[in-house]
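Q:
Chains as they are written, first to last, in our numbering: chain V, 352 to 705; chain Z, 352 to 705; chain X, 352 to 705; chain W, 352 to 705.
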């Protein structure tokens with residue numbers, strides 16, 4: 352209710368602040384009998400962790416997950432899976448210079464008004480560090496989904512846009528570069544660009560595209576809980592996200608119905624897929640694909656003017672360890688959230704018919 | 352759970368099919384003591400109802416709402432508000448030609464797989480007719496919110512885009528034309544265009560922009576239930592929606608952090624508003640604005656090829672009473688959903704602090 | 352959230368006041384494909400309706416249910432089932448004498464404090480008339496459950512207690528008398544007693560026992576949502592209920608573990624059933640049985656002293672049409688709530704394992 | 352959903368098995384600004400912990416709680432409070448003798464059917480060890496409630512019943528004896544009796560009574576979420592509970608309405624309190640009191656016959672470290688659950704009126 356849970360039947364609740372003792376969560380509703388590969392969970396965390404390349408934040412965190420419950424003799428038991436990731440490299444002192452001022456386009460100010468206090472240590476709960484817990488849960492959801500394949504990748508950095516249909520991309524290349532763009536040539540350009548932005552002490556936005564394959568027909572609930580509505584909510588809940596579109600998206604607006612409609616093949620598949628794998632909020636068995644827009648990170652390592660708690664102007668020098676561009680590390684987060692949505696709706700779909 | 356409820360504290364549950372006896376819903380959690388103007392509820396319904404102009408569907412429905420409970424001596428009582436809108440102009444026969452075939456880019460096929468049956472009468476529950484119930488609830492939510500002003504309008508039809516900042520628009524003009532575009536010149540062009548599309552028996556997409564003003568600071572829950580995540584879910588749950596963006600949206604991706612950040616004024620307001628009135632998922636008191644992309648309506652009044660239940664190819668002639676462009680009638684729906692989100696989060700915000 | 356919904360997957364939301372236009376509700380999550388016998392729904396309502404015998408309230412209500420949605424060609428569609436029961440025999444004037452005073456042991460006073468107003472017309476939402484909607488939903492749940500048999504009956508009126516194990520009772524006799532006690536001899540005594548109480552203008556309490564047979568093993572969720580915890584909540588939510596016990600109940604307290612334990616047969620059934628068909632919150636396949644205590648109705652047709660809104664003493668004469676003993680009409684309500692719990696947990700149980 | 356969460360606005364989710372690495376939970380929705388006394392949390396845990404006296408289980412667990420998040424500079428922050436209690440004294444070998452057999456009146460058998468596996472180590476998730484997490488959360492809820500006083504105590508052990516009205520008891524004596532009965536004479540008898548039962552290798556049931564004072568008027572939601580319905584659910588969710596009654600309870604059944612009604616004083620209080628502080632599901636400002644029946648613990652240290660997984664008869668000797676009577680250690684659990692309910696409804700009550 353207070354916003355720290357996601358999902359209804361496969362449900363994740365997370366806790367933890369950027370500079371607290373530990374982050375973690377509880378997965379409730381994970382079915383019994385899944386043979387869990389714990390290494391795969393850690394691998395997903397490693398894809399998200401800081402310090403993995405030159406174009407991400409240099410905070411050094413091993414991000415090792417400890418699982419406390421819900422697994423017995425290698426399998427899930429159907430009971431809640433509690434887990435924690437202990438913080439080890441908090442440098443709260445890095446934040447003492449902003450203790451009394453509000454950083455622009457951060458949540459500092461609204462937290463103070465809403466809660467009557469502010470955890471100035473790296474943004475506290477508003478930090479994207481929280482998403483580590485989502486990646487753990489998503490890695491478990493992926494193992495539950497097994498047949499469903501979820502691939503996210505960076506399709507845009509700043510104005511640099513990968514203008515190829517996803518069908519022409521080789522997803523096995525996603526992890527071959529620091530940007531996580533499957534087109535290695537474009538990846539190199541993006542990486543160079545991010546490095547130049549970083550040198551300026553500045554940041555830049557980006558887009559992640561996600562493709563979900565082998566989805567059974569029938570996932571999603573009509574009306575308010577349409578599959579894409581939940582996917583959209585999931586993506587928009589990730590830090591720095593400003594937009595979501597699926598299938599033909601915003602570009603589809605300019606099309607006529609006669610052009611936009613996906614004609615059926617006799618087996619129920621469609622010749623085109625402008626629908627993005629979802630009709631009326633329910634998966635139709637075609638690939639689901641969507642894009643997620645991330646704004647540039649608000650923390651710039653430059654001097655800027657802002658206000659303090661007393662409403663006085665102050666000039667501050669941005670410092671600390673930050674991502675110049677959030678999308679490379681956000682790829683596993685997008686996948687994790689997609690996996691959580693699909694796991695939840697997979698369970699829900701079991702209840703549709705007598 | 353099965354997707355027919357929206358909201359947590361101010362909660363709407365809807366029921367009803369396009370050609371059933373009645374549509375309606377229950378609002379649970381509406382606080383006691385609101386002096387309700389019932390005429391305003393009907394006015395909102397009238398904005399959505401079919402047959403209101405030459406560019407919308409010609410189905411003739413009075414869409415008169417009956418309120419069964421929850422109001423006593425002119426005020427809300429805090430008990431659930433049950434209501435119904437009786438269908439009077441169902442022409443289910445209009446649909447007999449598609450009884451055995453699946454319309455492309457409609458929910459026919461996935462309903463049949465998911466539920467083992469299909470209500471061919473106008474799409475049954477998957478019809479946008481369901482949104483009438485949302486408009487009723489939204490009209491009540493608006494009266495609860497009172498000070499908060501919600502204005503949605505059509506900002507794009509096909510490729511025709513209103514390229515002015517919303518601050519330069521006169522919202523009082525929105526209702527002055529059939530398209531619901533506040534720029535009357537552009538509105539005329541859009542209307543002409545929709546008429547020409549209609550003449551072709553075709554349909555076209557569009558974009559609705561929504562601006563919410565006078566929002567108190569502090570609405571929205573961190574992490575999963577960010578204010579914009581819920582707004583996005585709300586909008587994506589409206590029929591035919593393919594995308595959502597708020598603040599700088601997809602365009603913000605190409606900006607640098609130093610350009611994108613909204614510098615503070617000493618009173619806590621910001622000089623720019625690329626954030627779209629929301630920081631870290633929490634309203635910051637600036638205007639909230641977002642855009643919603645609608646695909647072209649799938650029902651075209653042309654001949655098309657599709658498949659039947661046996662998986663055989665069939666040729667069908669589209670007929671019935673349909674909207675050539677959904678956005679004019681979707682304006683009050685967007686407002687209604689925004690109002691429901693804000694009402695819900697307004698109540699939730701009462702619980703943040705001791 | 353505001354307390355007008357019950358269930359998670361098979362979910363009922365109700366609306367309506369004692370003297371409003373209509374009562375009703377929405378069932379969300381009822382699976383598609385149930386062949387619904389609408390007459391059976393009305394029959395259950397008839398078991399609850401006023402005026403059915405000399406020992407219940409003489410308000411004359413046909414309690415005819417109208418179903419608005421969710422059923423197509425005789426079967427449930429998986430979409431929400433909306434329904435209403437129009438009030439026809441409101442005599443709000445009967446209540447004008449208590450408009451300004453608070454009836455003892457009624458909800459008048461707390462409603463006024465909580466909501467800042469009071470619907471004096473028959474208790475408004477706090478009236479047990481709301482339970483008519485539960486009976487409709489329960490009747491649908493029963494048809495979904497099909498194999499599971501739910502039988503409730505009156506086991507105590509005042510101090511008169513039916514002291515036979517339920518196995519010795521003939522459930523087919525429950526409907527043979529106005530009290531709904533399967534022991535016809537005891538039923539006659541109870542009926543005579545209720546009549547004598549009525550003559551005094553007084554009321555009396557009672558106990559309903561419910562037996563659920565043919566329950567599959569595995570319904571119920573461990574920890575907070577134990578099957579008996581939800582059953583208890585369901586029963587305690589019925590007007591006038593003061594207590595709930597299942598299996599050995601309060602009497603089991605005085606037993607030793609060695610006496611109380613239910614030894615297994617080799618087929619997994621147990622030789623005794625002090626557990627009441629539930630182990631660790633999960634059904635074990637044995638009969639579930641529980642008892643529900645109802646207090647005497649608070650409205651007595653006698654003169655009594657109370658206070659008015661100004662906190663002044665006033666003397667009032669009880670009048671109106673009231674039940675001298677609530678248990679005969681509460682039997683179908685207990686069954687309905689049990690059916691709703693079981694339907695909900697039946698769906699939930701589909702999600703336990705991969 | 353899967354039953355490991357409790358509450359709606361002040362919400363606890365727990366995880367952990369009897370012999371796993373750690374137990375713990377997340378409290379979501381705790382308001383910001385509560386000055387938390389961490390010692391008080393540990394004190395409540397100490398009241399529940401094993402090994403505290405001769406009449407409870409001799410498992411040696413320090414039950415030290417680690418809080419991971421949600422507290423900053425001594426106050427709650429409004430963000431989720433994650434916590435863990437590491438298990439240190441698991442003796443899973445104690446259970447190897449029952450690895451392949453089902454203990455009577457335990458959850459072993461139903462878990463195996465429901466989940467397709469069984470955690471034989473001390474009952475796994477079905478163990479009452481889970482309630483340690485509830486006590487942590489309850490201790491925090493108590494500090495939020497501050498003015499509301501919750502006192503639970505043992506009122507019956509076996510057939511030995513404390514037959515005094517709670518008004519005549521001195522709650523400050525509850526912690527003065529191992530049984531937690533405020534009547535020290537009766538406490539001694541109960542203690543002696545439990546010791547004799549223990550010597551037999553047997554167990555015995557008991558009753559806990561709980562009194563809640565200084566409750567504001569207006570807590571509780573009408574209809575399904577009545578305050579006593581939620582309290583009942585909360586209590587019935589505690590391991591070994593078989594019954595719940597509040598106010599006049601089962602005994603009130605035999606009273607006439609004219610005797611049972613609580614007449615008002617002019618200040619809105621009532622002369623008697625058979626209602627148990629709740630009218631129509633809403634607190635009326637009088638003391639709330641209720642009783643909870645606990646069955647005898649199923650594990651007896653005697654030889655017994657049961658079945659194994661193959662459905663064969665086996666004879667087993669009960670062993671391990673177990674409570675001969677569960678009620679002394681359950682007192683803080685009852686209080687904790689009551690505190691959680693009241694905290695939840697206190698927040699909800701903020702949303703009733705405009």
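Glycine residues also receive a C-beta, built at the ideal position from the N, C-alpha and C atoms.
#1: Quick check on residue 690 (chain X): does DSSP put it in helix, strand or coil?
#2: Which partner residues of residue 615 (chain W) appear in the DSSP bridge assignment?
#3: Is the beta carbon of residue 398 (chain W) sitting closer than 7 Å to the one on residue 683 (chain W)?
#4: Specify the secondary structure class of residue 434 (chain Z) as computed by DSSP and reduced to three states.
#5: Count the other CB atoms, across all protein chains shown, that sit within 10 Å of the CB of residue 364 (chain Z); report buried if there are 16 or more and exposed otherwise.
#6: Taking only runs of the alpha helix (DSSP H) that begin and end inside the stretch 529–558 of chain X, which ones reach a length of at least 4 residues, in chain order?
#7: For residue 325 (chain V), decide whether its Cβ has a neighbour in chain Z, counting only Cβ atoms nearer than 7 Å.
#8: Shortest alpha-carbon distance to residue 450 (chain X) belongs to which of X:659, X:609, X:548 and X:377?
#9: For residue 608 (chain Z), does the three-state DSSP call read helix, strand or coil?
#10: Taking 7 Å as the CB-CB limit, is residue 466 (chain V) close to chain W?
#11: Between the C-alpha atoms of residue 633 (chain W) and residue 422 (chain Z), what's the straight-line distance to the nearest angstrom?
#12: Is it buried or exposed, residue 330 (chain X), if we count other Cβ atoms within 10 angstroms and call 16 or more buried?
#13: Is the Cβ of residue 292 (chain W) closer than 7 Å to any Cβ of chain V?
#14: Excluding sequence positions up to five away, which residues of its chain have a Cβ less than 6 Å from the Cβ of residue 680 (chain V)?
#15: Should residue 698 (chain V) be flagged as near chain X, meaning a C-beta pair shorter than 7 Å?
#16: Apply the 10 Å Cβ neighbour rule to residue 556 (chain X) and answer buried if 16 or more other Cβ atoms are within range, or exposed otherwise.
#17: Assign residue 630 (chain V) to buried or exposed, taking buried as 16 or more other Cβ atoms, counted over all protein chains shown, within 10 Å of its Cβ.
#18: Between the C-alpha atoms of residue 401 (chain W) and residue 650 (chain W), what's the straight-line distance to the nearest angstrom?
#19: What does the Cβ neighbour count give for residue 516 (chain Z), buried or exposed, with the cut at 16 atoms within 10 Å?
#20: With distances taken between CB atoms, is the gap from residue 436 (chain Z) to residue 463 (chain Z) smaller than 7 Å?
#21: Can you pull the chain W neighbours of residue 421 (chain Z), defined as C-beta to C-beta under 8 Å?
#22: Residues of chain W with CB closer than 9 Å to the CB of residue 573 (chain Z), please, in chain order.
#23: Give the interface partners of residue 701 (chain Z) over in chain W, defined as CB-CB distance under 7 Å, in chain order.
#24: With contact counted as at least three CB pairs below 8 Å, one residue from each stretch, are the stretch 423–431 of chain V and the stretch 379–386 of chain V in contact?
#25: Cβ of residue 372 (chain V) less than 7 Å from any chain W Cβ?
#26: In whole angstroms, give me the CA-to-CA distance for residue 507 (chain Z) and residue 541 (chain Z).
#27: Would residue 549 (chain V) be called buried (16 or more neighbouring beta carbons within 10 Å of its own) or exposed?
#28: Could you confirm whether any beta carbon from chain X is found closer than 7 Å to the beta carbon of residue 503 (chain V)?
#29: Counting only C-beta atoms, is residue 396 (chain V) closer than 7 Å to chain X at any point?
#30: Residue 665 (chain Z) lies in the beta strand (DSSP E); which residues open and close that run?
#31: Can you pull the chain Z neighbours of residue 544 (chain V), defined as C-beta to C-beta under 9 Å?
#32: Nearest by alpha-carbon distance to residue 613 (chain X): which of X:532, X:416 and X:624 is it?
#33: Please work out which residues of its chain come closer than 7 Å, Cβ to Cβ, to residue 486 (chain X), disregarding the five sequence neighbours upstream and downstream, and give them in chain order.
#34: Where does residue 525 (chain W) fall in DSSP's three states?
#35: So, with DSSP's three-state summary, where would you put residue 391 (chain Z)?
#36: Return the Cβ separation of residue 698 (chain Z) and residue 357 (chain Z) in integer angstroms, given the expectation that the two are a contact with Cβ distance under 8 Å.
A: According to the structure shown:
#1: Helix, per DSSP.
#2: BP columns for residue 615 (chain W) point to W:621.
#3: Contact: yes.
#4: Under the three-state reduction of DSSP output, residue 434 (chain Z) falls in the strand class.
#5: When all chains shown are included, residue 364 (chain Z) counts as buried.
#6: Taken in chain order, the unbroken stretches of alpha helix (DSSP H) that lie wholly in the stretch 529–558 of chain X and span 4 residues or more are 535–550.
#7: Lying before the first or after the last residue shown, residue 325 (chain V) is absent from chain V, which here runs from 352 to 705.
#8: Of the listed residues, the one whose Cα sits closest to residue 450 (chain X) is X:659.
#9: Looking at residue 608 (chain Z) - three-state DSSP - the assignment turns out to be helix.
#10: At least one chain W Cβ lies under 7 Å of residue 466 (chain V).
#11: Roughly 20 Å separates the two Cα atoms.
#12: This structure cannot settle anything about residue 330 (chain X), because the visible part of chain X is limited to 352 through 705.
#13: Nothing about residue 292 (chain W) can be reported from this structure: the residues present for chain W run from 352 to 705 only.
#14: For residue 680 (chain V), where only same-chain residues beyond five positions count, the Cβ hits under 6 Å are 399 and 407.
#15: Interface criterion met: the Cβ of residue 698 (chain V) is under 7 Å from a Cβ in chain X.
#16: Per the 10 Å Cβ criterion, buried.
#17: Burial of residue 630 (chain V) is indicated by the presence of at least 16 other C-beta atoms within 10 angstroms of its C-beta.
#18: Residue 401 (chain W) and residue 650 (chain W) have their alpha carbons spaced roughly 16 Å apart.
#19: Around the beta carbon of residue 516 (chain Z), fewer than 16 other beta carbons lie within 10 angstroms, which makes this residue exposed.
#20: Contact: no.
#21: Close partners of residue 421 (chain Z) in chain W (Cβ separation under 8 Å) are lacking, with about 12 Å as the shortest Cβ gap.
#22: The contacting residues are 429 and 430.
#23: Against chain W, the beta carbon of residue 701 (chain Z) has neighbours under 7 Å at 701 and 702, listed in chain order.
#24: Yes, the stretch 423–431 of chain V is in contact with the stretch 379–386 of chain V.
#25: Closer than 7 Å to some Cβ of chain W, the Cβ of residue 372 (chain V) qualifies, so yes.
#26: Each residue's alpha carbon lies about 8 Å from the other.
#27: By the 10 Å Cβ count, residue 549 (chain V) comes out buried.
#28: With respect to chain X, the C-beta atom of residue 503 (chain V) has no partner C-beta closer than 7 Å.
#29: Chain X, which has no Cβ nearer than 7 Å to the Cβ of residue 396 (chain V), makes this no.
#30: Unbroken beta strand (DSSP E) run through residue 665 (chain Z): 664–668.
#31: Under the 9 Å cutoff, chain Z gives no residues; its nearest Cβ is about 11 Å from residue 544 (chain V).
#32: Of the listed residues, the one whose Cα sits closest to residue 613 (chain X) is X:624.
#33: Apart from sequence neighbours up to five positions away, the residues of its chain that approach residue 486 (chain X) with a beta-carbon distance below 7 Å are 395, 396, 399, 683, 684 and 687, ordered along the chain.
#34: In the displayed model, residue 525 (chain W) falls within a helix according to three-state DSSP.
#35: Helix, per DSSP.
#36: Incorrect: roughly 14 Å between the Cβ atoms, too far for contact.
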